[in-house]
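Structure, as C-alpha cells:
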Amino acid sequence: MIPVSVVVMTRNEAANLPHCLSALGRFAERFVVDSGSTDGTPAIAEAAGARVVPFRWDGRYPKKKQWCLDQLPFRQDWVLFVDADERLGGALVKEIAALMSAGPRHAGYFIDGHPVFLGRRLRFGARNRKLVLFDRRKAHFPTVPDLDVATMWEVEGHYQPVIAGTVGRLRHSLTHADDKPIAAWFERHARYADWEAALRSDGRMADLIGRESGARRWLKACLGMIPARPLLVFLYGYVWRLGFLDGGPGFQHALARAFYYWQIGLKIADARRRAEPPAPTDD
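Residues in the sequence shown are numbered from 1 upward in steps of one, following the working numbering.
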C-alpha cells in the first residue's frame, strides 16, 4: 500500500465518485468528507471501502480543507487531496508509489490536471496545476478574508496551501473529468469568478499572489493588469498551447475559459461601480 492518506471532498458527487475511487485502491487510506449529500454519495463511498466523514460548515474558519488537516484521524503523514471529478491514471499512481518508496525530496508536490471537455480528454491547451500532495505536518491553508463571498461557501478558494519546505512537481498528470452536465461547469466557474472578482476589486488578491513563488507569482500578477484578458486567455490556450489540435472540444474549452475571465472583469467593474459614492443630483 502507498503510505498516503487520500482526501476526497464531496457534495452530491454520485456521478463522479465511482470513477475517482476506483483509481485509489493502492493508497493506505481513503477519506470521503461529505457535506450532506442527498444523491447516495456516502453509500457509494462506503461500498468502495472509503471511510466517510460527515462535514457541516459553521460559516467560519477553518474551511473544509484545513478542517480536514486538523480533524481527520490520519494514519499517514502524507496526504493527497483529490476532487471527486478527478481521476488518477496508473502512471501517476506508480509515480507516487515510487516517490514514497524512495523518500520524497520535497515537502509538497504540484500535479497537473488535463481537462475532459465535451467527452474528450484534451491533450493540448490550458490546464491546471495544483499543490495537492504534501506532508501534512508542514502544510496549512492560509486564512483568507473571503467570508463575504457567499457563493464560495465552505471550501477554500483558488489558492495553494502554504508549505514549510521546498516544493516539486510530478511528471504525470491526472484527468479532470466531470460527468455532470456542462451546466455544472458554468455554475462552478461562476462561483469562482465571484470569488476572484471580490478579492481583486479591493486588493485582497495581492496578498495571495504574494505567497506564490517564481513564474507563478509573476504570471498571476500580470494577468490581473493586462487589458483584453479574455482574448489573451483564449489565444494562450487555443494558439500558444496548441489547443486547436484538440478539435472542436479544444476550441470550446478555450472559449469557455475566456468567458470565465470575462465574467471576472465584468464583476470587478460592477463591484467598483457599486463602491463609488453616488453622484450628486441637481435639485
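Just so you know, even glycine gets a beta-carbon here, dropped at the ideal spot from N, CA and C. Remember, predicted model here, so these are calculated numbers, not experimental data.
Cα atoms of A107 and I163: separation of roughly 7 angstroms, rounded to the nearest angstrom. Per DSSP, the unbroken alpha helix (DSSP H) holding W67 starts and ends at K64 to Q71.
In terms of Cβ geometry, M9 and K63 do not form a close pair [threshold 8 angstroms]. In this structure, W78 sits away from D146, with a CB-CB distance that is not shorter than 8 angstroms. Residue pairing by DSSP places P115 opposite H176 in a beta bridge.
In this structure the segment 32-51 does not touch the segment 117-135; the number of beta carbon pairs closer than 8 angstroms is below three.
Contact between the segment 96-115 and the segment 170-177 is present: three or more C-beta pairs spanning the two stretches fall below 8 angstroms. The Cβ-Cβ distance between V32 and A14 does not fall below 8 angstroms. Fully contained in the segment 34-113 are the following alpha helix (DSSP H) runs of length 4 or more, in chain order: 41-47, 64-71 and 90-102. With respect to the C-alpha of N12, the residue from R75, A198, Q71 and A184 having the closest C-alpha is A184.
Under the three-state reduction of DSSP output, L131 falls in the strand class. Counted as a single uninterrupted DSSP element, the beta strand (DSSP E) harbouring I2 occupies residues I2 to T10.
In this chain, the alpha helix (DSSP H) harbouring R229 covers R229 to L235. Beta-bridge annotation (DSSP): R121 is paired with V116. Just so you know, the alpha carbons of L208 and R257 end up roughly 21 angstroms apart.
In terms of CA proximity to K130, F110 leads the group F110, P142, V149 and A139. In the displayed model, H158 falls within coil according to three-state DSSP, outside both helix and strand. Distance from R171 to E86 at the Cβ level is roughly 17 angstroms; contact not present, criterion being Cβ atoms closer than 8 angstroms.
Here Q263 is near A190, since their CB atoms are less than 8 angstroms apart.
Collapsing the DSSP output to three states places V167 in a strand. At the C-beta level, V4 and A28 come within 8 angstroms of one another. If you check the CB distance, D246 and R127 do not come in under 8 angstroms.
For P142, the closest alpha carbon among the candidates Q66, L92 and Y192 is that of Q66. Counted as a single uninterrupted DSSP element, the alpha helix (DSSP H) harbouring L21 occupies residues L17 to S22. Relative to R120, the option among G243, P277 and A275 whose CA is nearest is G243. With a cutoff of 8 angstroms on beta-carbon distance, R30 and V6 are scored as near each other. The alpha-carbon of S37 is positioned some 30 angstroms away from that of K267. In this structure, the alpha-carbon of G59 lies about 42 angstroms from that of V239.
Taking all protein chains in view, the Cβ of M1 is surrounded by fewer than 16 other Cβ atoms within 10 Å, so the residue is classified as exposed.
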